[in-house]
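S.K.: Chains A and B supply the protein sequences, listed in that same order.
Residue 41 is where the first sequence starts when you use my numbering, and the numbers rise one by one after that.
Residue 23 is where the second sequence starts when you use my numbering, and the numbers rise one by one after that.
Using N, Cα and C, we set each Cβ at its ideal position, and we do this for glycine too.
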Amino acid sequence: MAAPAPPLARPVTPSATTYSNRSQVRRNTLLGWSFILPNFAGFALLTLVPVVATFGIAFTKWNAYSTPEFTGLDNFTRLVQDDNFRVALFNTVYYTVGHVPLTMAASLLLALALNRKLRGVAFFRTAAFFPYITSIVAVAVVWNMLYNPTQGPINQFLLSLGFEDPPGWTSDPSWAMPAVILTGVWKDMGYYMILFLAGLQTIPPELHEAAKVDGANAFQRFRNVTLPCLRPTTFFVLIMLTIGSFKVFDLIVVMTDGGPGRSTLVLSQLIYREGIVNGRFGYSSAVALALFLLVLVVTVAQYARNKRLEA
Amino acid sequence: MKRRTLHALAATTAASLLLAGCGGGSEAAQNEPFDPDEPVTLTVSVWNLAGTPEFQALFDAYQEARPNVTIEPVDILADDYPTKVTTMLAGGDSTDVIAVKSLMDYSKFSTAGQLQDVTELAEGAGDLGGLDAYEQDGTYFALPYRQDFWVNYYNKGIFDAVGEEYPADLTWDEYVDLAQRITEKAAAAGIEPAEGTKTYGTFTQPWRSAVGAIAAAQTGGDQLGSDGYEFFAPYYERALQLQESGATLDYSTATTQQITYRTMFTTGQAAMVPMGTWFTSALLQSQAAGETDVEWGIAPMPQPEAGGETVTFGGPTAFAVNRNAEHSGAARDFLEWAAGEEGAKAVAATGILPALQTQEIKDAYLSLEGIPTDDLTREALAPDEVALEMPVGPTTAQVEQVLTEEHQLIMTGSASVDETLENMAERVENEVG
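(1) Just the C-alpha distance for G319/A and K130/B, rounded to the nearest angstrom, thanks.
(2) Could you tell me whether the Cβ of T272/B comes closer than 8 Å to any Cβ of chain A?
(3) Residue ranges of each beta strand (DSSP E) run of no fewer than 3 residues wholly in the segment 336–387 of chain B, ordered along the chain?
(4) With a threshold of 8 Å between beta carbons, is M217/A in contact with chain B?
(5) Given 8 Å as the limit, is there contact between the segment 241–256 of chain A and the segment 97–106 of chain A, that is, 3 or more CB pairs closer than that?
(6) Taking only beta-carbon positions, decide if A104/A is within less than 8 Å of chain B.
(7) Does the distance from the CB of L334/A to the CB of F289/A come in under 8 Å?
(8) Is D440/B buried or exposed, if buried means 16 or more other CB atoms sit within 10 Å of its CB?
(9) Determine, for S231/B, whether the minimum Cβ-Cβ distance to residues of chain A falls below 8 Å.
(10) Assuming Q379/B and G151/B make a contact with CB atoms under 8 Å, what is their CB distance in whole Å?
(11) What are the boundary residues of the beta strand (DSSP E) that N195/A is part of?
(12) Do T282/A and G239/A have their C-beta atoms closer together than 8 Å?
(13) Kindly indicate if chain B contains any beta-carbon less than 8 Å away from that of S285/A.
(14) Kindly confirm or deny that the segment 112–119 of chain B and the segment 343–361 of chain B touch, where touching means at least three C-beta pairs closer than 8 Å.
(15) With C-beta atoms as the reference, is G319/B less than 8 Å away from Y188/B?
(16) Tell me the rounded alpha-carbon separation between W359/B and Y84/B.
(17) Based on the DSSP secondary-structure assignment, which residues constitute the bridge partners of E327/B?
(18) So, using beta-carbon positions, are A352/B and A370/B closer together than 8 Å?
(19) Please tell me whether S436/B has its Cβ less than 8 Å away from any Cβ of chain A.
(20) Pairs of beta-carbons, one from the segment 130–140 of chain A and one from the segment 343–350 of chain A, closer than 8 Å: are there three or more?
(21) Need the endpoints of the beta strand (DSSP E) that A321/B sits in, please.
(22) If you draw a straight line from the C-alpha of Y187/A to the C-alpha of F75/A, how long is it?
(23) Compile a chain-ordered list of the residues in the segment 168–198 of chain A whose CB is closer than 8 Å to at least one CB of chain B.
(24) Under 8 Å Cβ-Cβ, which residues of chain A neighbour A112/B?
(25) Check distances from the C-beta atoms of the segment 107–141 of chain A to those of chain B and list, in chain order, the residues that come in under 8 Å.
(26) Could you give the DSSP three-state label for L331/A: helix, strand or coil?
(27) Check whether the segment 431–438 of chain B touches the segment 202–214 of chain A, taking contact to mean three or more Cβ pairs, one atom from each stretch, closer than 8 Å.
(28) In whole angstroms, give me the CA-to-CA distance for K384/B and P405/B.
(29) Select from V184/B, P256/B, A164/B and D272/B the residue whose C-alpha is nearest the C-alpha of V233/B.
(30) Taking the Cβ atom as the reference point for each residue, do T270/B and F301/B lie within a distance shorter than 8 Å?
(31) Between which two residues does the beta strand (DSSP E) containing G224/A stretch?
(32) Is it the case that the CB of E246/A approaches a heavy atom of the ligand GTP more closely than 7 Å?
(33) Out of curiosity, what's the CA-to-CA distance linking L235/A and Q342/A?
(34) Can you tell me the Cα-Cα spacing of E217/B and G315/A, whole angstroms?
(35) Which value, in whole angstroms, describes the spacing of the CA atoms of E313/B and Q307/B?
(36) Closer than 7 Å, Cβ to Cβ, to anything on chain A: give me those residues from the segment 336–363 of chain B, in chain order.
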């Protein structure tokens with residue numbers, strides 16, 4: 041944050057050096073703080089305080105009107121027995137397990153395909169990025185129409201290919217989650233493609249040339265040159281995707297709202313429902329803590345694994 | 023000097039935050055008299071002001087009757103209304119009058135002590151439809167100004183074209199047969215409302231209430247699940263029968279394409295649409311805007327058996343006074359006025375049924391331009407019994423969530439009716455409370 045004093049300002053005498061340096065450092069520190077203050081104040085007030093408060097509220101009974109009443113571990117006992125929590129936890133993991141690898145594969149493939157000199161590459165890169173900046177509500181409405189079991193283009197296409205009993209997608213409990221995952225992949229892959237593209241361009245072409253000279257074929261070069269060089273990017277993408285998938289909310293709410301039945305009910309939705317809708321902020325915070333722990337454990341595990349691979 | 027100012031500022035901020043948080047007690051404010059000469063700006067929270075004409079009609083008429091009052095509506099998105107108002111009230115907001123959209127919200131706000139006691143006004147009010155629903159241990163915290171119930175809207179043009187009689191005194195089985203017959207006949211006669219569309223005999227709105235609430239009203243079943251949910255079974259079976267035979271647009275298509283009853287009816291794609299009486303207001307608006315030329319009528323809801331009483335379901339909508347209201351006197355006056363005769367007339371003029379239904383007001387309603395005046399419509403607007411859509415209690419919201427989830431499973435054909443109803447009862451027993 042605080043930049044070191046510029047070398048030009050170094051005065052002659054040792055005592056003056058300390059004094060001048062110190063005041064310079066102090067000034068720079070204050071300057072640095074003043075730059076981040078507006079952002080930090082907003083972050084602290086709207087994110088940090090509520091997040092920290094969650095840890096306390098989770099042990100109380102509170103409906104936003106009353107004074108919170110300390111209830112010890114009641115909320116957590118209830119959490120363990122709550123069928124809705126079990127369903128939501130399973131669905132959240134299901135979404136993550138489907139969404140993370142598929143998005144990584146799709147965005148890496150896109151990046152590889154668009155990381156070459158061909159005519160109109162800028163256009164195709166933009167096209168691939170477009171879903172990411174499209175409004176989620178528009179995405180949900182249009183995909184829901186595509187998924188329509190009887191009149192939707194997807195099933196019409198499947199029928200014309202000879203599938204006799206195409207899936208019901210968002211109106212079938214066992215297909216709703218795959219349908220949402222597919223939409224999520226389509227929406228997110230453009231963003232991660234950009235990250236992979238940036239990563240690909242840092243790979244020195246000499247490495248590929250050397251591998252070529254040694255007689256490596258395209259696949260061998262991909263496995264032994266591209267992938268290892270991309271590791272930092274891959275790791276970053278993996279972390280971002282995992283966290284993003286665990287806290288998925290908007291896509292689910294506008295596409296299925298957790299339905300049909302509870303087939304796409306996820307944890308963040310349960311948090312919203314219990315807290316904002318039912319006014320049980322204590323229990324809702326307990327669910328939020330569970331989600332926090334889940335994300336924390338998975339992320340720490342991924343870091344540990346990355347460290348091992350790096351060593 | 024500077025530091026002192028800062029401290030003072032901080033102290034003031036903290037104090038005002040505290041005050042706002044506590045909201046301040048306003049027991050005294052409840053007795054604040056209404057001074058007809060002092061200019062007052064009354065704030066009223068409403069949903070979707072542009073699409074809910076009775077609000078503006080009420081405000082205009084009230085301001086005419088009380089020239090010293092200026093009403094300032096607080097317009098809130100309809101879908102966010104319950105959440106937004108909950109947040110406002112919890113934060114000590116001082117909006118004077120709160121329009122209470124559902125009984126579930128009413129129960130939430132009143133048990134949290136956010137509304138002023140208006141028992142005095144309720145006792146002085148006339149015969150208000152749905153007033154009982156607001157009673158809590160002899161106390162009232164809101165006054166209804168509007169009372170809706172479900173009827174069967176039908177498209178006279180389609181009935182004439184296929185040569186069927188208008189749907190008077192139907193039983194549910196006759197209704198299913200009729201819908202299927204109309205669908206077949208319309209297809210045979212090649213009636214196409216628009217290129218590539220089809221005329222359905224009826225349209226079942228995907229809402230849970232379209233099946234569950236009417237079942238409870240007509241069988242006397244308890245939707246909070248005290249005796250299981252078997253009473254839903256025949257109603258779900260008929261709903262599925264309609265959809266499987268193609269006599270209504272299927273649930274999955276209606277939800278994934280977000281097709282509304284309004285579109286289905288005003289474009290002539292459905293010959294019948296069971297719906298709440300608020301639909302009349304929407305139809306009148308569409309007609310006035312030249313968006314539809316459907317000639318329509320209103321019939322009573324189909325009944326389980328012929329010759330019995332006409333039973334349907336519905337619910338009142340009310341205004342309440344915020345406990346932290348800035349102008350309690352004017353707010354209470356507005357409540358009383360809106361529920362009274364003048365308010366009822368203003369509401370009726372927009373095609374919405376007011377809670378106060380004297381003969382005079384009914385006549386005014388039926389003489390509106392565009393409202394069908396045939397005998398069947400008159401009969402439909404005077405049901406023998408209007409049951410509440412959903413019993414109100416501390417567990418209502420949770421039960422509703424479970425019932426809605428299981429409703430989706432039945433309507434998408436994902437699980438059998440009997441099995442799902444058993445699950446419903448089991449889940450309500452285990453999860454609610």
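M.R.: From the atom records:
(1) Locating residue 319/A in the first sequence gives position 279, counting from the first residue. Locating residue 130/B in the second sequence gives position 108, counting from the first residue. Answer to the nearest angstrom: the Cα atoms are 9 Å apart.
(2) Translated into positions along the second sequence, residue 272/B becomes position 250. Checking the displayed sequence, the identity of residue 272/B turns out to be Asp instead of Thr. By this cut-off, D272/B is an interface position.
(3) none
(4) Numbered from 1 along the first sequence, position 177 holds the residue referred to as residue 217/A. No - not a single Cβ of chain B is within 8 Å of the one on M217/A.
(5) no
(6) In the first sequence, the residue the question calls residue 104/A occupies position 64. Yes, its Cβ sits closer than 8 Å to a Cβ of chain B.
(7) Here residue 334/A refers to the residue found at position 294 when the first sequence is read from its first residue. Here residue 289/A refers to the residue found at position 249 when the first sequence is read from its first residue. It is not a contact, given that the beta carbons lie outside the stated cut-off.
(8) Residue mapping note: residue 440/B aligns to position 418 of the second sequence, counting from 1. D440/B comes out exposed.
(9) Numbered from 1 along the second sequence, position 209 holds the residue referred to as residue 231/B. False, the Cβ-Cβ gap to chain A never drops below 8 Å.
(10) Walking along the second sequence from the start, residue 379/B turns up at place 357. Walking along the second sequence from the start, residue 151/B turns up at place 129. Confirmed, Cβ separation roughly 6 Å.
(11) Within the first sequence, the letter at position 155 stands for residue 195/A. Not the beta strand (DSSP E): N195/A falls in the alpha helix (DSSP H), residues P193 to S200.
(12) What you label residue 282/A is simply residue 242 of the first sequence in a count that begins at 1. What you label residue 239/A is simply residue 199 of the first sequence in a count that begins at 1. No; because the gap between Cβ atoms is not below 8 Å, this pair is not in contact.
(13) Translated into the one-based positions of the first sequence, residue 285/A becomes position 245. By this cut-off, S285/A is not an interface position.
(14) yes
(15) Mapped onto the second sequence, residue 319/B falls at position 297. Mapped onto the second sequence, residue 188/B falls at position 166. Yes, these two residues count as a Cβ contact at 8 Å.
(16) Mapped onto the second sequence, residue 359/B falls at position 337. Mapped onto the second sequence, residue 84/B falls at position 62. If I take the Cα positions, the gap works out to 8 Å.
(17) Within the second sequence, numbered from 1, the residue matching residue 327/B stands at position 305. Answer by DSSP bridge pairing: none, since E327/B is not bridged.
(18) As a working mapping, residue 352/B is identified with position 330 in the second sequence. As a working mapping, residue 370/B is identified with position 348 in the second sequence. In this structure, A370/B does not lie closer than 8 Å to A352/B by Cβ.
(19) Translated into positions along the second sequence, residue 436/B becomes position 414. Chain A, which has a Cβ nearer than 8 Å to the Cβ of S436/B, makes this yes.
(20) no
(21) Within the second sequence, residue 321/B is the residue found at index 299, counting from 1. Here the beta strand (DSSP E) through A321/B covers W318 to A321.
(22) Numbered from 1 along the first sequence, position 147 holds the residue referred to as residue 187/A. Numbered from 1 along the first sequence, position 35 holds the residue referred to as residue 75/A. Taking the straight line from one Cα to the other gives about 48 Å.
(23) V181, N184, M185, Y187, N188, P189, T190, Q191 and G192
(24) Within the second sequence, the letter at position 90 stands for residue 112/B. What A112/B touches in chain A: A104 and Y105.
(25) D122, D123 and N124
(26) In the first sequence, the residue the question calls residue 331/A occupies position 291. Note: L331/A maps to helix in three-state DSSP.
(27) yes
(28) Translated into the one-based positions of the second sequence, residue 384/B becomes position 362. Translated into the one-based positions of the second sequence, residue 405/B becomes position 383. Taking the straight line joining both Cα atoms gives about 13 Å.
(29) Indexing the second sequence from 1 puts residue 233/B at position 211. The option with the nearest alpha carbon to V233/B is P256/B.
(30) To locate residue 270/B, count along the second sequence from 1; it is residue 248. To locate residue 301/B, count along the second sequence from 1; it is residue 279. In this structure, F301/B does not lie closer than 8 Å to T270/B by Cβ.
(31) The residue labelled residue 224/A in the question sits at position 184 within the first sequence. Segment P213 to Q241 is the alpha helix (DSSP H) holding G224/A; no beta strand (DSSP E) there.
(32) The model depicted lacks the ligand GTP and carries no ligand whatsoever.
(33) As a first step, residue 235/A is located in the first sequence; it is residue number 195 there, counting from the start. As a first step, residue 342/A is located in the first sequence; it is residue number 302 there, counting from the start. Between L235/A and Q342/A, the C-alpha separation is close to 19 Å.
(34) On the second sequence, position 195 is the one that residue 217/B refers to. On the first sequence, position 275 is the one that residue 315/A refers to. Taking the straight line joining both Cα atoms gives about 47 Å.
(35) Against the second sequence, residue 313/B aligns to sequence position 291. Against the second sequence, residue 307/B aligns to sequence position 285. Looking at the two C-alpha atoms, the distance is approximately 9 Å.
(36) none
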